[in-house]
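Colleague: For the protein sequence lines, the chains are A and B, in the order given.
Mapped onto the UniProt record's numbering, the consecutive letters of the first sequence carry residue numbers 1 to 194.
Mapped onto the UniProt record's numbering, the consecutive letters of the second sequence carry residue numbers 1 to 194.
Glycine is no exception: its CB is placed at the ideal position from the N, C-alpha and C atoms.
It should be emphasised that the depicted structure is a prediction, and the values quoted were computed from it without experimental measurement.
Protein chains: 2
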Amino acid sequence: MSNSEHTPPKKDVESPATDNTTPAAETGTGFGVAPITRRWRREDMLKRGSLALRGLALLFSLLAFIIMASNKHGDWKDFDKYEEYRYLLAIAILSTFYTAGQVLRHVQELSTGKQMLEKRTSAMVDFFGDQIVAYLLVSSASSAVPLTNRMREGADNIFTDSSAAAISMGFFAFISLALSALISGYKLSTQSYI
Amino acid sequence: MSNSEHTPPKKDVESPATDNTTPAAETGTGFGVAPITRRWRREDMLKRGSLALRGLALLFSLLAFIIMASNKHGDWKDFDKYEEYRYLLAIAILSTFYTAGQVLRHVQELSTGKQMLEKRTSAMVDFFGDQIVAYLLVSSASSAVPLTNRMREGADNIFTDSSAAAISMGFFAFISLALSALISGYKLSTQSYI
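Rendered as structure tokens:
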């Protein structure tokens, strides 16, 4: 069922770009190769795309983490007096570690060409991990929104602004990870039948 | 790529259950059939499983909808004075309609054996729909939790209890739909390569 050997996309086969100009007699020879190279390209693009999305998620959750952790201005303006903000901080830290680990693993796999996990396991870990962290991120960001809204009705200062910024970063991280989970789902769907 | 004709699981082929008692000479004849019937069984089970999960999600979101909509007890104890509860109600209604539509469609497909949508489209609709509604449900339920917690610190009455019940139903609906989205992802991964 699972194919453990990994065939990296070959860059030197570039026939599809010139296929349109070849005469009808030659089209027959390129017939079997074109779909395969197209598939390699698509998979390569997906790999880079999901790496970029995870990088974005790492950036956004790191920002949410830093902004919220430094959001202490004395008196009632301390983030750790509110459970919503503590929740957001906790999930931002967790998401930072998760996405950092994923980005490291995928960069290493792209550069060395070796797989740390078996291919199917890796796709499963990607899919479930992204999904779960995305659910946690959207939950924490939504729970912090009403409190901030209510505070801003009374006062609009650096504390509420920083909270709003951290919440936005949480939402951006969620969107990146949700898209990445969709790509992981697609990968899970195609990789075992090559 | 996509195979539009649908082969329903055949119940009359029941060789795997008695395969263990057949002599070695007969095992050769059952060799090609057993994996296929096993696959049919698994797909049938998954179909029923996802239908049951969607049914549960329908039940829970209907409960959340009814409990929250009837949560008016005068004075400050009206759900429509709080944006979190209005959000929860809106998403519960949306989720009720979505899951009701899905359950109707799948029941009709199971009973008539005809597909309303093309198979690949149907799997895509299932996967993306479940995913999006699950995100909305977890977001609305999490946003309503802190407000209810804070109210219950002051007073514990029928209003806060009903709110807590509606939130729990929202979370249960989320869990059902998240599991259903996983099954849809699995289906999306297997159905196009039969």
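(1) Output, in sequence order along the chain, the residues in the stretch 64-98 of chain A whose CB is closer than 8 Å to any CB in chain B.
(2) According to DSSP, which residues form a beta bridge with residue 72(B)?
(3) Is DSSP giving residue 118(A) helix, strand or coil here?
(4) Anything in chain A within Cβ reach of residue 143(B), meaning under 8 Å, just list it in chain order.
(5) Could you tell me the distance, in whole angstroms, from the CA atom of residue 172(A) to the CA atom of residue 100(A)?
(6) Provide the residue span of the alpha helix (DSSP H) that contains residue 101(B), from first to last.
(7) Taking the beta carbon of residue 130(B) as the centre, do at least 16 other beta carbons fall within 10 Å, making it buried, or is it exposed?
(8) Expressed to the nearest angstrom, what Euclidean distance is found between the alpha-carbon atoms of residue 144(B) and residue 115(A)?
(9) For residue 111(A) versus residue 57(A), is the C-beta spacing smaller than 8 Å?
(10) From residue 122(B) to residue 104(B), what distance separates their C-alpha atoms?
(11) So what's residue 164(B) in DSSP terms, helix, strand or just coil?
(12) Does the beta carbon of residue 185(B) come closer than 8 Å to any beta carbon on chain A?
(13) CB residue 127(A) to CB residue 181(A), shorter than 8 Å?
(14) Can you round the beta-carbon distance between residue 92(B) and residue 61(B) to whole angstroms, since I take them to be within the 8 Å contact cut?
(15) When burial is assigned at 16 or more other CB atoms within 10 Å of the CB, is residue 22(B) buried or exposed?
(16) Under three-state DSSP, which class holds residue 32(B)?
(17) Judging by CA-CA distance, which residue of 89(A), 49(A), 44(A) and 188(A) is the nearest neighbour of residue 120(A)?
(18) Go ahead and label residue 70(A) buried or exposed: buried means 16 or more other beta carbons lie within 10 angstroms of its beta carbon, across all protein chains shown.
(19) Starting from the C-beta of residue 64(A), find all residues in its chain whose C-beta is less than 6 Å away, skip the five residues before and the five after it, and write them out in chain order.
(20) Could you tell me which chain B residues have their CB closer than 7 Å to the CB of residue 138(A), listed as they occur along the chain?
(21) For chain A, check one thing: does any of its Cβ atoms lie closer than 8 Å to the Cβ of residue 188(B)?
(22) What does the Cβ neighbour count give for residue 158(A), buried or exposed, with the cut at 16 atoms within 10 Å?
(23) Please state whether the Cβ-Cβ distance between residue 146(B) and residue 59(A) is less than 8 Å.
(24) Judging by CA-CA distance, which residue of 98(A), 68(A), 76(A) and 75(A) is the nearest neighbour of residue 237(A)?
(25) Can you look up residue 44(A) in the DSSP assignment and give me helix, strand or coil?
(26) Quick check on residue 138(B): buried or exposed, where buried means 16 or more other Cβ atoms within 10 Å of its Cβ?
(27) If we ignore side chains and look at the alpha-carbon of each, how far apart do residue 186(B) and residue 152(A) end up?
(28) Consult DSSP for residue 149(A) and reduce its assignment to one of helix, strand or coil.
(29) Exposed or buried, what is residue 84(B) when buried is set at 16 or more other beta-carbons lying within 10 Å of its beta-carbon?
(30) Tell me the DSSP secondary structure of residue 155(A) in three-state form.
Modeller: The structure says:
(1) 83 and 84
(2) 78(B)
(3) coil
(4) 142, 143, 145 and 146
(5) 16 Å
(6) 83-112
(7) buried
(8) 43 Å
(9) no
(10) 14 Å
(11) helix
(12) yes
(13) yes
(14) 5 Å
(15) Below a pLDDT of 50, predicted positions are generally treated as unreliable, and residue 22(B), at 41, falls in that range; the measurement from the model is reported next regardless. Exposed, by the Cβ-count rule.
(16) coil
(17) 188(A)
(18) exposed
(19) 92, 166, 169 and 170
(20) 135, 138 and 139
(21) yes
(22) exposed
(23) no
(24) It is not possible to answer for residue 237(A), since the shown part of chain A is limited to 1 through 194.
(25) helix
(26) buried
(27) 44 Å
(28) helix
(29) buried
(30) coil
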